[in-house]
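Below you'll find the structure, written out as structure tokens, and then a few comments.
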Amino acid sequence: MSMPESALIIPGLKAGKKAVVVFFVTDCPTCQLALPYLNALNRDSVQVIGLSQDDESSTREFVKQLKITYPVELDHGWKMTREFDPQSVPAMYLLDERGHVQSTLVGFDKKGLNELAKALQHPPIAPDDDGAPAWKPGCGSRHLEPEAENSAAENSITFLRRAGDPATRITLRGEEDTYEYCQKQFGDALPVVPPTVEKVEAMVKASGLAAETVIARIPPFYGEATVEKIAANAVMAGCEPAMMRVLLPLVRAACDERFNIHGVQATTHFAAPLIMVNGPVRQELGFWSKQNVFSNVARANSSLGRAFQLILLNIGGGRPDTIDMSALGNAGKFSFCIAENEEENPWEPFHVTRGLKREQSALSLFAAEPPRGVSEHNAPQGKTVLETISFALATVWSYRMCLMPEAIVILCPEHAKTIHRDGFSKEQARQFLFENTGIPVRYFDPAERAEGTQLIANYKEITIRGEKCYQKFRAPESISIFVTGGTAGKFSAVIGSWATGPAGSQMVTYPIPDK
Amino acid sequence: MAITIVHPGNEKIPKAATPPPRLASLKGKKIGLLDISKPGGNIFLDRLEEILRAKYGAGEILRTRKPTYTKNAPPQVIEQLRGMDAVIEGLAD
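If you read the protein sequences in the order shown, they are chains A and B. For the first sequence, my numbering gives the first residue as 1, with consecutive numbering after it. For the second sequence, my numbering gives the first residue as 516, with consecutive numbering after it.
See below:
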């Protein structure tokens with residue numbers, strides 16, 4: 001971190017006292033998390049000053065909502081920001097009595113906050129057990145954002161604004177076929193419905209929000225997903241206007257940093273975001289959860305999945321012919337949306353397992369490999385069905401790679417029924433799969449240097465059917481059970497993950513607002 | 516017949532960053548080697564470091580590493596590389 005050589009005149013700062021100066025932006029989740037912790041430090045002997053890189057109205061709202069008790073100033077034209085030159089925000093500077101920088105702290109870091117408090121002879125301000133993570137990276141400082149060529153003013157804020165620009169209107173005068181034009185410019189590889197002004201306006205109206213409202217910025221290009229742009233892609237994918245109710249939380253979920261859509265879009269792996277829908281919205285909007293659930297069977301599933309993919313391509317920039325460099329791709333990149341067959345599920349629905357109420361509609365997102373089928377038509381016992389599935393589970397990512405992968409087990413209603421009949425709760429079925437999925441130790445020869453072999457020091461040895469194995473998964477939570485599909489056919493499926501946990505993509509579940 | 520559609524894509528075209536001038540020589544230069552944490556990256560960068568020292572007479576070589584290849588480098592890692600004459604980001608797979 002570069003530091004100004006000499007003391008600076010910071011608005012609101014009185015000389016002769018130690019001070020903490022914190023630069024922030026209002027829409028940064030890490031700033032929202034970190035800044036309230038500094039309330040505790042603002043007392044007679046220490047000054048805390050917030051310097052906002054945003055405009056007055058969003059800063060006022062930020063201070064009010066987060067109950068910030070120390071003075072906050074606007075950093076007009078990012079003047080002070082440029083002096084301190086932080087790479088990201090929140091950026092905190094501890095200044096001595098003469099205004100010289102003593103130490104800096106970037107992002108949210110409990111250890112760092114407590115060290116900052118200690119330097120000010122204050123007890124720790126960030127307890128381990130308050131529910132917040134130990135560490136969370138911040139967002140880019142606004143002054144370092146690449147300025148768009150076509151942005152209006154010199155210092156226009158192009159990062160995480162509340163209201164974006166209206167979408168350009170393109171008038172086609174018949175020189176080229178409208179369908180050809182739209183497919184070529186904005187399609188996947190298939191024709192799209194032209195996003196006419198009337199159709200897009202109807203879609204925007206159904207959202208109940210202003211057209212320019214920014215829902216998220218979508219990596220890897222960080223395009224602004226305004227309601228209007230989302231609506232235009234929804235029209236192209238063939239969505240009905242009521243689908244906006246699902247699309248907006250879906251875009252928010254995708255841009256949740258836990259999901260890491262940046263990595264999912266840019267990886268050479270197979271991963272594509274799989275949308276899993278639960279709750280009353282299934283009936284209300286016609287999401288299909290029976291036979292052919294992964295196929296081309298219902299407008300709701302297919303159009304939502306396709307709209308989402310078009311949003312990722314057109315707004316996020318993850319085009320499959322350039323930025324998305326997946327070695328083999330995934331058929332789910334056309335559309336990848338399933339709903340749970342809650343009516344045939346003998347256990348609680350998936351979104352209830354994920355912590356929501358049964359009557360709450362919800363969507364979950366998982367960075368998914370394509371499904372691989374598991375046939376088991378002979379075994380009469382639920383336990384044997386689970387064992388059959390465990391053999392498929394052992395192969396996700398690759399056979400000898402343990403601990404890192406996660407998986408969704410898609411149970412068909414017939415298998416779910418058999419397993420339930422034999423007394424397994426959903427949790428017990430998951431536990432059984434966890435304990436019985438492993439790879440025999442004899443398949444690991446370090447000399448071969450095969451993928452997964454280099455990590456055996458971390459693997460746990462267990463015994464399965466009398467054979468020494470390495471346990472495939474790191475925890476029962478690495479396996480999720482989702483019941484869907486038709487009531488005839490004992491075909492389940494296993495879906496592998498991309499890289500998981502905080503260093504990869506974590507599954508997210510978002511509520512869908514009621515009608 | 517004219518038809519008007521709504522632009523569905525990202526309309527903000529980022530300005531291309533201007534690369535710094537090319538170094539005339541690597542002799543005595545400070546070189547940062549950034550490992551993105553893919554398996555094998557260290558093997559590749561170890562060899563590169565040897566070559567940079569032996570063949571090109573590079574000066575200080577600073578090795579650093581992203582916590583995960585799946586995400587952008589955190590600011591702490593970028594900060595470490597500030598002041599280098601050149602940075603080589605090591606990809607491996």
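Backbone N, C-alpha and C define an ideal beta-carbon position, used for all residues, glycine too. None of these values were measured; they are calculated from a predicted model.
- The contact set of A/V483 on chain B, defined by CB atoms closer than 9 Å, is empty, because the minimum CB distance reaches about 30 Å.
- For the C-beta of B/A517, the chain A residues within less than 8 Å are, from N- to C-terminus, T171, L172, R173, G174.
- Counting along the chain, A/P440 sits inside the beta strand (DSSP E) bounded by residues 438-440.
- Nearest neighbour of A/G305 by Cα position, chosen from A/I315, A/V277, A/Q291, turns out to be A/V277.
- For B/I558, there are no neighbours in chain A by C-beta distance under 7 Å, as the nearest C-beta there is about 12 Å away.
- Chain B has no Cβ within less than 8 Å of the Cβ of A/A407.
- For A/Q102, there is no enclosing alpha helix (DSSP H); the enclosing beta strand (DSSP E) covers residues 101-106.
- Counting along the chain, A/K383 sits inside the alpha helix (DSSP H) bounded by residues 382-393.
- With contacts defined as CB atoms closer than 8 Å, A/F482 and A/E340 qualify as a contacting pair.
- Uninterrupted beta strand (DSSP E) stretches at least 3 residues long and entirely within the region 168-253 of chain A occur at 169-172, 214-218, 223-226, given in chain order.
- Counting only residues of its own chain and dropping the five nearest sequence neighbours on each side, A/V193 has a CB closer than 7 Å to the CB of V235, M236, G238.
- Counting the other CB atoms within 10 Å of its CB gives B/G572 a total below 16, which places it among the exposed residues.
- Counting along the chain, A/S478 sits inside no beta strand (DSSP E), nor does DSSP assign it H or E at all.
- Look at the region 185-211 of chain A: the residues with a C-beta under 7 Å from a C-beta of chain B are F186, P194, P195, T196, V197, V200.
- Taking a contact as a CB-CB distance under 8 Å, the pair A/V374 and A/V494 counts as one, their CB atoms being some 6 Å apart.
- Between the alpha carbons of A/H122 and A/L41 lies a distance of about 7 Å.
- Distance from the CA atom of A/T81 to the CA atom of A/E224, rounded to whole angstroms, is 24 Å.
- Listed as beta-bridge partners of B/R578 by DSSP are B/L548.
- The three-state reading of DSSP puts A/M404 in coil, since its state is none of H, G, I, E or B.
- Among the bridge pairs identified by DSSP, B/E604 is matched with B/L549.
- Apart from sequence neighbours up to five positions away, the residues of its chain that approach B/A588 with a beta-carbon distance below 6 Å are K581, ordered along the chain.
- In this structure the region 435-448 of chain A touches the region 468-478 of chain A; the number of beta carbon pairs closer than 8 Å is three or more.
- For B/V602, no chain A residue has a Cβ inside 8 Å of its Cβ, as the nearest lies near 14 Å away.
- Comparing alpha carbon positions, the residue from A/M243, A/K111, A/Q102 closest to A/S302 is A/M243.
- Under the Cβ criterion of 8 Å, A/S88 is counted among the residues facing chain B.
- Taken in chain order, the region 516-568 of chain B contains no complete alpha helix (DSSP H) segment of 4 residues or longer.
- A/E406 places its beta carbon less than 8 Å from that of A/S497.
- Straight-line measurement puts the Cα of A/R358 at about 44 Å from the Cα of A/Y443.
- Taking 8 Å as the CB threshold, A/A503 lines the interface with chain B.
- Residue contact check for A/A232 against chain B: a CB pair falls below 8 Å.
- Between A/A416 and the set A/E348, A/F391, A/E477, the nearest pair of CA atoms involves A/E348.
- In this structure the region 213-221 of chain A does not touch the region 499-510 of chain A; the number of beta carbon pairs closer than 8 Å is below three.
- Each residue's CA atom was taken as its position, placing A/R449 and B/I558 some 14 Å apart.
- Annotated three-state conformation of A/M276 is strand, per DSSP.
- Rounded to the nearest whole angstrom, the CA to CA distance from A/I456 to A/Y399 is 13 Å.
- Short of 7 Å from the beta carbon of A/W397, and not among the five residues preceding or following it, lie these beta carbons of its own chain, in chain order: M404, P405, G496.
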